[in-house]
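Protein chains: 2
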Amino acid sequence: MTATKVTLKDVAARAGVSYQTVSKVLNGEMQVAPETMERIQAAVRELGYRPNRIARNMRAGRSFMIGYSWTQTEPGQVNHILDQFLSSMVREAGVVGYYVLPFPFQEGKAQVETYRDLIKSGNVDGFVLSSVNYHDPRIQFLLKQQFPFVAFGRSNPEWDFAWVDIDGAAGTRQAVEYLIGRGHRRIAILAWPEDSRVGNDRLQGYLDAMQADQLATEPGYILRGEGTFEVGRAMTLHLLDLPADRRPTAIMALNDTMAIGAMAAARERGLTIGTDLAIIGFDDAPMAQYLFPPLSSVRQPIAEAGRKCVELLVALVEGREPQQRQVLLQPSLIIRASS
Amino acid sequence: MTATKVTLKDVAARAGVSYQTVSKVLNGEMQVAPETMERIQAAVRELGYRPNRIARNMRAGRSFMIGYSWTQTEPGQVNHILDQFLSSMVREAGVVGYYVLPFPFQEGKAQVETYRDLIKSGNVDGFVLSSVNYHDPRIQFLLKQQFPFVAFGRSNPEWDFAWVDIDGAAGTRQAVEYLIGRGHRRIAILAWPEDSRVGNDRLQGYLDAMQADQLATEPGYILRGEGTFEVGRAMTLHLLDLPADRRPTAIMALNDTMAIGAMAAARERGLTIGTDLAIIGFDDAPMAQYLFPPLSSVRQPIAEAGRKCVELLVALVEGREPQQRQVLLQPSLIIRASS
DNA sequence: ATGATAAAGGCGAACGTTCGCCTTAAAAGA
DNA sequence: TCTTTTAAGGCGAACGTTCGCCTTTATCAT
Chain A
14 MTATKVTLKD
24 VAARAGVSYQ
34 TVSKVLNGEM
44 QVAPETMERI
54 QAAVRELGYR
64 PNRIARNMRA
74 GRSFMIGYSW
84 TQTEPGQVNH
94 ILDQFLSSMV
104 REAGVVGYYV
114 LPFPFQEGKA
124 QVETYRDLIK
134 SGNVDGFVLS
144 SVNYHDPRIQ
154 FLLKQQFPFV
164 AFGRSNPEWD
174 FAWVDIDGAA
184 GTRQAVEYLI
194 GRGHRRIAIL
204 AWPEDSRVGN
214 DRLQGYLDAM
224 QADQLATEPG
234 YILRGEGTFE
244 VGRAMTLHLL
254 DLPADRRPTA
264 IMALNDTMAI
274 GAMAAARERG
284 LTIGTDLAII
294 GFDDAPMAQY
304 LFPPLSSVRQ
314 PIAEAGRKCV
324 ELLVALVEGR
334 EPQQRQVLLQ
344 PSLIIRASS
Chain B
14 MTATKVTLKD
24 VAARAGVSYQ
34 TVSKVLNGEM
44 QVAPETMERI
54 QAAVRELGYR
64 PNRIARNMRA
74 GRSFMIGYSW
84 TQTEPGQVNH
94 ILDQFLSSMV
104 REAGVVGYYV
114 LPFPFQEGKA
124 QVETYRDLIK
134 SGNVDGFVLS
144 SVNYHDPRIQ
154 FLLKQQFPFV
164 AFGRSNPEWD
174 FAWVDIDGAA
184 GTRQAVEYLI
194 GRGHRRIAIL
204 AWPEDSRVGN
214 DRLQGYLDAM
224 QADQLATEPG
234 YILRGEGTFE
244 VGRAMTLHLL
254 DLPADRRPTA
264 IMALNDTMAI
274 GAMAAARERG
284 LTIGTDLAII
294 GFDDAPMAQY
304 LFPPLSSVRQ
314 PIAEAGRKCV
324 ELLVALVEGR
334 EPQQRQVLLQ
344 PSLIIRASS
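Read top to bottom, the protein sequences are chains A and B.
If you count the first sequence from 1, you need to add 13 to reach the working numbering.
If you count the second sequence from 1, you need to add 13 to reach the working numbering.
Next comes the structure, spelled out in structure tokens:
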């Protein structure tokens, strides 16, 4: 009801004690007489007092904010991750008294400067990084600065830092094992360029699964390119135009967008998806279930990852050494009609 | 390089002036001798000084934060909006010296309390609301509190507040006019429940277009239900099972998810989409272009909306009366093979 | 009665800014 | 020469907390 800001002093005046006492009582750092307690609580209630967060942070010397920035996807790509990931971070942060501060993603040299500025201006107590790859300059920088951060995704193995990641290799392995179990022998994979750590991780699962079943991994079945519809389509057309005895019967794509490209290519060649050609994607984009036929895919526990990132980061920020500094989460295979 | 926090006093000591002078010089509020200026700038550079944002906000009595909260979509739905909308807000906010503060979305009674807390604790200077509908309690509350906010979406017409919205009626009208232009006469619409303002707005465009062309809007062609795949599919099956002379030749869906449901239904009945039955969606979800056939849809200028929301809100927060308190943005029709 | 102990709460200081007003010395006007 | 103006910068205070230490009064054991 009160329009103007209510401070500790207002509460104190009304309760007839000093404002510092009110502070201590509210923070449970002081014993007071029951009737004093009552008066203070009444004053707080009646005035609708809420501690001013800025002043509190000022005094604490920190911001209780977690910096987070993400690469905006180009038009035509989906970031179905963001909603889940950010929501779960925000929620988990709220529980432990933090907020998430999104800031604009910068490319190149300016990127590290953005992080430096946020640190120096006291805007954040720590960072969650996403879109991490090999040699990530942010990781190098934050390690050198000894500033708390958690990466969603791994980077160079020789760097020691806290991360949360999804076991991409396990996801692909599961999918390929499923295909092998269904009798497929000629299984191709639509992979990503060699400089993608995520891509290499997921590819490794394919190699592992094939090898475990004594299947020779024919080099021609491993195609690399950007993870777009067009690339997925082109790669698949190439595969489908191989001689009949070498043409793959199953295709694993490292993301759903490529898998959808593969579906388009199969349709162009008149193949029935799921029967003539099995296709499995990765990410389990929300649309995957509505495709025709519905696309099998590997689902990642994104919300769980967001929660873990925050949990880990807050432990680091507050100086508690967390039980595990590296968290690897297991994805799950969702089988639908495409495979 | 310096690990510890650098304050105005550190800079002042190094430059040999008082710290208040440094403050004024850096804020351009004071004339000093050129050589003093030089010394200050050098000290700032060498120490890597950045003003502490918390202290600055403390002094200013405000947070330079914009509160934003969104309804997390249930699994299986996409929030392809969020990335664009939030990114553009964050970017625009950064330009004018603000940050966006995401906070957990609460349902029911707790929702307004969340807003009240954020205000009272001085956490935010204003709000951007999304998922606005009729009788939105947040709008009622914020109007009564006279706290600055901008709604992304309209609400009760009798309430006077700042909003940015996309002209849904115009979008649907454009789409339906296109269908009429292509010779369609029996055009059905998959609409939303009557309590959805967005749904009613979009539906109005359909009615307008039909009426403008003297086409009777057959009540049986207006179906209402939740905007899900299943509902879209069921509605379409119902429509396709009408007698041949009453069966619609075109279907307009109020979102892409329903449109995809319609596509599934058409396929089940053995119809060729785009030829036997035209389908147009709304939202232009990223996947729409990759469907088979690619789905025509109405694209909304989301990034523009995000920018406008921030621009408008900051004007309100800073007491500048903006040139227009209501902004209606035009969507555009993207024609693909489904229509 | 007397000193020790505990309970209840007051008080000053500090976090890092910005703001308004004051002081000093040099320059300009008479 | 004396007063007035201007330039350059100093200084105290305040924003709303929390923290540590101090004071007062009542309680207890001796």
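Even for Gly, the Cβ is constructed at its ideal location relative to N, Cα and C.
{"Check": "Nearest candidate by alpha-carbon position, reference S309(A), set E281(A), A183(A), F295(A), F118(A)", "Outcome": "F295(A)"}
{"Check": "Opening and closing residue of the alpha helix (DSSP H) in which P170(A) lies", "Outcome": "Element bounds for P170(A): n/a, residue is neither H nor E."}
{"Check": "Buried or exposed (CB count within 10 angstroms, at least 16 for buried), L229(B)", "Outcome": "The sequence shown places Ala at residue 229(B), rather than the Leu named in the question. Label assigned to A229(B): exposed."}
{"Check": "Classification of A164(A) by the beta-carbon crowding that lies within 10 angstroms, buried from 16 upward", "Outcome": "buried"}
{"Check": "Coil, strand or helix - Y405(A) by DSSP", "Outcome": "Since the displayed chain A opens at 14 and closes at 352, residue 405(A) lies outside it and no answer follows."}
{"Check": "DSSP bridge partner residues for Q54(B) (one or two, in chain order)", "Outcome": "Looking at the DSSP assignment, Q54(B) forms no beta bridge with any residue, so it has no partner."}
{"Check": "Selection of the stretch 114 to 145 of chain A by Cβ proximity to chain B, strictly under 7 Å", "Outcome": "L114, P115, F116, P117, D130, K133, S134, G135, N136"}
{"Check": "Contact the stretch 106 to 124 of chain B vs the stretch 173 to 184 of chain B: 3+ CB pairs below 8 Å", "Outcome": "no"}
{"Check": "Beta carbon of R63(B) nearer than 8 Å to that of D138(A)", "Outcome": "no"}
{"Check": "Under 8 Å by beta carbon: chain B residues contacting Q85(A)", "Outcome": "D96, Q97, S100"}
{"Check": "Sequence-distant residues of the same chain with beta carbon closer than 8 Å to M102(B), five excluded per side", "Outcome": "I79, Y81, V113, V141, G319, R320, C322, V323"}
{"Check": "Any C-beta of chain A under 8 Å from that of F361(B)", "Outcome": "Residue 361(B) is absent from the model: chain B starts at 14 and stops at 352."}
{"Check": "Delimiting residues of the beta strand (DSSP E) encompassing G139(A)", "Outcome": "139 to 142"}
{"Check": "E297(A) burial status per 10 Å Cβ neighbour count (16 or more: buried)", "Outcome": "Note on residue identity: the sequence assigns Asp, not Glu, to residue 297(A). It is buried - the Cβ of D297(A) has at least 16 other Cβ atoms within 10 Å."}
{"Check": "Per-residue contacts from V103(B) into chain A (C-beta, under 7 Å)", "Outcome": "P115, F116, P117"}
{"Check": "Residues in the stretch 232 to 255 of chain B having any Cβ partner in chain A nearer than 8 Å", "Outcome": "F242"}
{"Check": "Beta-carbon spacing of F98(B), I347(B) below 8 Å", "Outcome": "no"}
{"Check": "Neighbourhood of R27(B) by C-beta distance below 7 Å, restricted to the same chain and skipping five residues each side", "Outcome": "A56, L60"}
{"Check": "Nearest-angstrom Cα separation, counted from R151(A) out to Y8(A)", "Outcome": "Examination of residue 8(A) is not possible in this model, given that chain A is present from 14 through 352 alone."}
{"Check": "Cβ-based neighbour list, L250(B), same chain, cut-off 6 Å, excluding 5 preceding and 5 following", "Outcome": "A278"}
{"Check": "Residue-chain proximity (G61(A), chain B), Cβ-Cβ < 8 Å", "Outcome": "yes"}
{"Check": "Secondary structure of I273(A), DSSP reduced to three states", "Outcome": "helix"}
{"Check": "Within chain A, the residues that A68(B) reaches when beta carbons sit closer than 7 Å", "Outcome": "M71"}
{"Check": "Cβ-heavy atom distance, A164(B) to the ligand GTP, below 7 Å", "Outcome": "Looking for the ligand GTP in the displayed structure turns up nothing, as the structure carries no ligands at all."}
{"Check": "Three-pair Cβ contact test at 8 Å for the stretch 255 to 263 of chain A versus the stretch 271 to 287 of chain A", "Outcome": "no"}
{"Check": "Nearest-angstrom Cα separation, counted from L21(A) out to M71(B)", "Outcome": "15 Å"}
{"Check": "For D296(A), three-class secondary structure by DSSP", "Outcome": "strand"}
{"Check": "Residues near H93(B) in its chain [Cβ-Cβ closer than 8 Å; skip 5 each side]", "Outcome": "D296, A298, P299"}
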